[in-house]
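All residue numbers for the sequence shown refer to full-length UniProt numbering, where the first residue is 1 and numbers rise by one. We put the CB at the ideal spot given by N, CA and C, even for glycine.
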Amino acid sequence: MSSRYVICTYTGQWEPIWRGRWAGMSYPLIVEDPWEQPENAARAVASLEFEDISSAFNTTNDRLKLHYAPSQKSHLLRCLARPSITHHLQQQPNNGQNRLLFDFQRDAPSSSH
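Written out as structure tokens, the structure is:
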């Protein structure tokens, strides 16, 4: 799969190499910088690291599919954040300020891809 697809950081999805500007690139893994800022340029990694990165994407995707429900925000936060910062993320916002990352029910991407 790695020779035909790239992981797009903008969409969070596997994208066919032939559909994007990645065509003709021969890196084992191409990480796109969605904002195209030179100081935040993506780096290519060797094929040995590709399996670890691909596995991490797939594991995270599986966990989110298995555990995600709008009523289970705290569980999702425990999956995504370290315990030392989870309690900060679960605090209620003051007068609507400092909203919790995003409103999970309103802003979560649909799973109809």
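* N-terminal and C-terminal residue of the beta strand (DSSP E) that I7 is part of -> Translated into positions along the sequence shown, residue 7 becomes position 7. Here the beta strand (DSSP E) through I7 covers 5-8.
* **Simplified DSSP assignment, three categories, for A42** => Within the sequence shown, residue 42 is the residue found at index 42, counting from 1. With a pLDDT of only 49 at A42, under the threshold of 50, the placement of this residue in the model should not be trusted; the figure read from the coordinates follows. Three-state result, A42: coil.
* **Residue range of the unbroken beta strand (DSSP E) whose run includes W14** => Taking the sequence shown and counting its residues from 1, one reaches residue 14 at position 14. Unbroken beta strand (DSSP E) run through W14: 13-16.
* To do: Evaluate N40 with the Cβ neighbour count: other Cβ atoms within 10 Å of its Cβ, from every protein chain shown; 16 or more gives buried, anything less gives exposed.
  => Here the question's residue 40 lines up with position 40 in the sequence shown. The predicted position of N40 is uncertain, since its pLDDT is 45 and thus under 50; a value taken from the coordinates is nonetheless stated next. Counting the other CB atoms within 10 Å of its CB gives N40 a total below 16, which places it among the exposed residues.
* **Closest residue to W14 among D52, E49, L48, F57 (Cα-Cα distance)** => Walking along the sequence shown from the start, residue 14 turns up at place 14. Of D52, E49, L48, F57, the residue nearest in Cα terms is F57.
* Asked: With distances taken from CA atoms, which of I85, R4, E49, C79 is nearest R63?
  -> For this step, residue 63 is matched to residue 63 along the sequence shown. Residue nearest to R63 within the set I85, R4, E49, C79 is C79 (criterion: CA-CA distance).
* Asked: In this structure, does DSSP put R82 in helix, strand or coil?
  -> On the sequence shown, residue 82 is found 82 positions in, with the first residue counted as 1. It is coil, neither helix nor strand.
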